[in-house]
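Residue numbers (the numbering used here): 10 to 727. Using N, Cα and C, we set each Cβ at its ideal position, and we do this for glycine too. These numbers were taken from a predicted model, which means no experiment stands behind them. I have placed the structure first, in the form of structure tokens, so that the comments after it can refer back to it.
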């Protein structure tokens with residue numbers, strides 16, 4: 010493969026080589042390739058995933074993945090060391106950021122029919138292969154850490170019930186080792202290793218069995234939650250919040266706590282990840298995401314209130330806070346009741362972290378970005394068994410070697426980045442031209458000269474942003490002609506005056522390739538500027554004084570103005586008229602707010618977390634560069650098309666196929682814009698027709714993966 014790559018590069022000019030590399034990194038996956046039953050080159054033959062999950066099952070998975078480690082561990086750790094009793098505000102802020110990303114996830118769950126892989130799949134459809142791999146790789150990190158943290162938390166809980174005799178025994182007989190995090194000594198947690206392996210076995214036995222076990226544990230967990238809230242009312246002390254004790258670490262601690270607490274709201278991510286196994290994903294995914302977020306927020310805030318009013322924040326037990334809060338008041342029966350809930354809650358949270366991880370690996374392996382043997386599905390259990398064993402084994406090693414505190418700190422960064430990219434994808438897709446909608450408009454509007462598009466166009470002629478609907482969506486070329494928006498109802502007749510002054514498009518306007526490229530540029534600039542803004546605020550305005558702080562403030566103000574400018578330009582572009590079963594409200598404001606909130610929370614995480622994150626990303630990029638980019642399904646399809654085109658050229662050598670656009674066709678191409686191909690399109694880089702003349706070795710991002718430009722024959726020659 011390396012020798013072939015070198016030979017290929019030697020045959021090309023520098024411009025062609027750069028074009029080929031960029032097109033590989035930015036090629037997008039057509040949604041038609043993800044329809045159920047679609048087959049791809051290089052796909053491992055085997056049984057498909059079972060579609061057995063109901064809406065209640067998805068809600069149970071979402072709630073279970075959150076109301077476990079988040080409630081029994083994260084709440085106590087953040088309250089004690091980061092935010093104090095203001096952990097309540099940290100959870101509320103993290104929930105608000107999660108809701109913004111959650112509505113974007115819900116739209117994508119409806120928009121993309123095959124949702125195994127969650128944000129990875131969404132990114133592959135919209136922003137390209139390299140970004141998709143990057144997001145999928147970090148989702149794996151998130152689930153690995155979540156699984157290891159769940160196993161470590163369960164081990165700590167059992168150790169607390171045994172009066173720390175388990176940890177004392179292991180330290181005495183096994184010794185200690187230098188941790189992989191901040192360098193503190195820790196002991197090899199064999200109990201956590203055993204717990205992770207047992208849960209891996211349960212997941213590998215089948216989705217129906219694991220979800221049924223999950224549902225039973227969830228019922229126990231929720232009953233204990235109700236018990237804690239009611240029983241805790243008898244031990245409250247308002248003095249724990251008085252005299253400035255509610256905000257002991259200030260608002261900076263609240264925001265840092267929100268960045269850590271964000272991990273506690275990743276339940277809707279597992280819902281989106283398992284959408285391919287849902288019976289009716291179009292309705293189940295939005296409902297399950299909403300129910301999970303509301304339930305989790307209620308649980309976290311109520312438990313945080315009870316915990317911080319029962320025990321002073323500095324005296325909270327870090328390993329088992331909810332159990333020990335009853336022990337402090339001598340209520341031993343309450344302690345052991347909470348212990349039962351802790352076992353159920355932490356186990357179901359462990360299931361929630363381990364359940365989606367093999368499915369993300371399965372999706373990436375199916376596409377060839379990871380080793381293809383990981384995509385094999387068991388004929389007996391209908392689960393990606395190989396991926397289950399590999400991911401569970403790695404998580405078990407992490408639980409053995411890394412302390413719980415270090416794992417908690419590493420949880421949020423990959424999740425935040427994945428959610429940010431999903432919000433960016435929703436913003437991009439809403440403003441891209443839709444071929445079906447444009448065709449429908451041309452036929453029904455009665456405009457002179459409006460001709461229907463050719464329905465028999467080859468697959469490779471579509472846009473990389475053209476998305477097919479999920480099964481059962483009906484006619485997706487219908488326009489969004491529902492009831493008036495909330496803003497329209499509030500402003501009345503002034504609504505249209507405001508639209509005219511802001512230069513907003515008419516409701517009948519539809520996106521064009523030009524407007525789509527405008528939105529793409531503004532969205533990317535908004536994404537980058539948001540990180541620069543918060544970096545200036547956090548490391549400049551908040552940490553500096555005097556002239557440096559003033560200069561940072563002025564720079565931040567200019568960036569805020571730029572962000573508003575980008576949003577205004579996006580608002581002035583027409584949206585797609587395509588109707589979906591669920592659509593995120595308030596576009597572009599909701600996705601933009603999600604990007605701002607998530608980028609701020611990411612930059613509030615510790616430098617050590619960023620160092621670990623960087624190391625993990627470098628390992629992933631090494632795998633992608635050495636294996637994934639050359640074994641991708643799109644790469645194999647491109648090579649097959651190239652071979653077919655070469656055969657065609659050999660049998661038709663008498664034809665002149667240099668570059669066969671006539672002068673009239675050139676003019677027509679300039680007047681009629683082709684389908685939008687995103688920022689990987691040749692037009693976006695000024696890639697001229699003369700450069701493309703000999704570039705049939707290069708790659709173009711399109712719905713067909715790759716296309717060849719060297720074999721068009723004019724009608725005159727025919």
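CB of residue 91 within 8 Å of CB of residue 196, strictly = As a working mapping, residue 91 is identified with position 82 in the chain shown. As a working mapping, residue 196 is identified with position 187 in the chain shown. No. Outside cutoff.
Secondary structure of residue 63, DSSP reduced to three states | Taking the chain shown and counting its residues from 1, one reaches residue 63 at position 54. Note: residue 63 maps to coil in three-state DSSP.
For residue 615, which of 269, 161 and 88 has the nearest alpha-carbon?
-> Looking up residue 615 in the chain shown gives position 606. Comparing Cα-Cα distances from residue 615 to each of 269, 161 and 88, the minimum goes to 269.
Assigned exposure category for residue 406 - 16 Cβ within 10 Å defines buried = To locate residue 406, count along the chain shown from 1; it is residue 397. Burial call: exposed.
Simplified DSSP assignment, three categories, for residue 195 = Mapped onto the chain shown, residue 195 falls at position 186. In the structure shown, residue 195 sits in a strand (DSSP, three-state: E or B).
Tell me whether residue 518 sits in a helix, a strand or coil according to DSSP, three-state version.
-> If you number the chain shown from 1, residue 518 lands on position 509. It is coil, neither helix nor strand.
According to DSSP, residues forming a beta bridge with residue 287 = Taking the first residue of the chain shown as 1, we reach residue 287 at position 278. Bridge partners of residue 287: 62.
Would you tell me roughly how many angstroms separate the C-alpha atoms of residue 429 and residue 536, rounded to the nearest one?
-> Here the question's residue 429 lines up with position 420 in the chain shown. Here the question's residue 536 lines up with position 527 in the chain shown. When rounded, the distance between both Cα atoms is 9 Å.
So is residue 116 buried or exposed if we call it buried at 16+ other beta carbons inside 10 Å?
-> Within the chain shown, numbered from 1, the residue matching residue 116 stands at position 107. Residue 116 is buried by the Cβ-count criterion.
How is the alpha helix (DSSP H) around residue 351 delimited, first residue to last?
-> The residue labelled residue 351 in the question sits at position 342 within the chain shown. Residue 351 -> alpha helix (DSSP H) spans 341-363.
Best match in 367, 359, 226 and 599 for proximity to residue 431 [C-alpha to C-alpha] | Position 422 of the chain shown holds residue 431. Answer by Cα proximity: 599.
Which class does residue 513 belong to by DSSP, given the choice of helix, strand or coil?
-> As a first step, residue 513 is located in the chain shown; it is residue number 504 there, counting from the start. Of the three classes helix, strand and coil, the one that applies to residue 513 here is coil, per DSSP.
Among 227, 346, 347 and 369, which has the Cα closest to the Cα of residue 142?
-> Walking along the chain shown from the start, residue 142 turns up at place 133. Residue 142 has its Cα closest to that of 369, out of 227, 346, 347 and 369.
Can you tell me whether residue 631 is buried or exposed, with buried defined as 16 or more other CB within 10 angstroms of its CB?
-> By 1-based counting over the chain shown, the position of residue 631 is 622. Under this definition residue 631 is an exposed residue.
Distance, residue 290 Cα to residue 743 Cα | Here the chain covers residues 10 to 727 and nothing more, so residue 743 does not appear.
Would you mind working out which of 654, 30, 69 and 39 sits nearest residue 287, comparing C-alpha positions?
-> Mapped onto the chain shown, residue 287 falls at position 278. When only C-alpha atoms are compared, the closest one is 69.
Separation of residue 165 from residue 608, as counted between CA atoms | Position 599 of the chain shown, counting from 1, holds the residue named residue 608. Position 156 of the chain shown, counting from 1, holds the residue named residue 165. The straight-line gap from Cα to Cα measures roughly 32 Å.
Are the Cβ atoms of residue 396 and residue 383 separated by less than 8 Å?
-> The residue given as residue 396 occupies position 387 in the chain shown. The residue given as residue 383 occupies position 374 in the chain shown. Cβ atoms of residue 396 and residue 383: closer than 8 Å.
Supposed close pair residue 350, residue 234 - CB separation, criterion 8 Å | Residue 350 sits at position 341 when you count from the first residue of the chain shown. Residue 234 sits at position 225 when you count from the first residue of the chain shown. At roughly 7 Å, the Cβ-Cβ gap stays under 8 Å, so residue 350 and residue 234 are in contact.
Counting only beta-carbon atoms, is residue 149 nearer than 8 Å to chain C?
-> Absent from the structure is chain C; it holds one protein chain and no more.
Simplified DSSP assignment, three categories, for residue 384 = In the chain shown, counting from the first residue as 1, residue 384 sits at position 375. Helix, per DSSP.
Between which two residues does the alpha helix (DSSP H) carrying residue 616 extend?
-> Sequence index remark: in the chain shown, residue 616 carries index 607 (1-based). Counting along the chain, the alpha helix (DSSP H) containing residue 616 begins and ends at 616-632.
Roughly how many angstroms lie between the CA atoms of residue 312 and residue 106, to the nearest whole one?
-> Stepping through the chain shown from its first residue, residue 312 is reached at position 303. Stepping through the chain shown from its first residue, residue 106 is reached at position 97. Answer to the nearest angstrom: the Cα atoms are 20 Å apart.
At what residues does the alpha helix (DSSP H) containing residue 428 begin and finish?
-> In the chain shown, residue 428 corresponds to position 419, counting from 1. Looking at the DSSP string, the run of the alpha helix (DSSP H) that includes residue 428 is 421-439.
Tell me which same chain residues have a C-beta within less than 8 Å of the C-beta of residue 23, skipping the five on either side of it?
-> In the chain shown, counting from the first residue as 1, residue 23 sits at position 14. So the list is empty, once near-sequence residues are dropped.
Identify whether residue 179 lies in helix, strand or coil by the three-state DSSP scheme.
-> Taking the first residue of the chain shown as 1, we reach residue 179 at position 170. Note: residue 179 maps to helix in three-state DSSP.
Within 10 angstroms of the Cβ of residue 515, are there 16 or more other Cβ atoms? Answer buried if so, exposed if not.
-> Looking up residue 515 in the chain shown gives position 506. Classification for residue 515: exposed.
Would you check if the distance between the CB atom of residue 264 and the CB atom of residue 426 is smaller than 8 Å?
-> Counting from one through the chain shown, the residue named residue 264 turns up at place 255. Counting from one through the chain shown, the residue named residue 426 turns up at place 417. Not closer than 8 Å, so no.
Contact the region 577-596 vs the region 518-537: 3+ CB pairs below 8 Å | yes
Flag this pair as yes or no: are the beta carbons of residue 423 and residue 85 separated by less than 8 Å?
-> Along the chain shown, one-based indexing puts residue 423 at 414. Along the chain shown, one-based indexing puts residue 85 at 76. No, these two residues do not count as a Cβ contact at 8 Å.
Cβ of residue 37 versus every heavy atom of the ligand SAM: is any distance shorter than 7 Å?
-> The ligand SAM is not part of the structure shown, which contains no ligands of any sort.
Can you tell which of 324, 254 and 74 has its C-alpha closest to the C-alpha of residue 89?
-> Mapped onto the chain shown, residue 89 falls at position 80. Of the candidates 324, 254 and 74, the one whose C-alpha sits nearest the C-alpha of residue 89 is 324.
By a C-beta neighbour count over all protein chains shown, 10 Å radius and 16 as the cutoff for buried, is residue 113 buried or exposed?
-> Your numbering for residue 113 matches position 104 in the chain shown. Its Cβ being crowded by 16 or more others within 10 Å, residue 113 is buried.
Spatially closest choice to residue 379 from 146, 551 and 93, by CA coordinates = Counting from one through the chain shown, the residue named residue 379 turns up at place 370. Residue 146 is the option with its Cα nearest to residue 379.
Which of the three DSSP states, helix, strand or coil, is assigned to residue 279?
-> Locating residue 279 in the chain shown gives position 270, counting from the first residue. The answer is helix: DSSP assigns residue 279 an H, G or I state.
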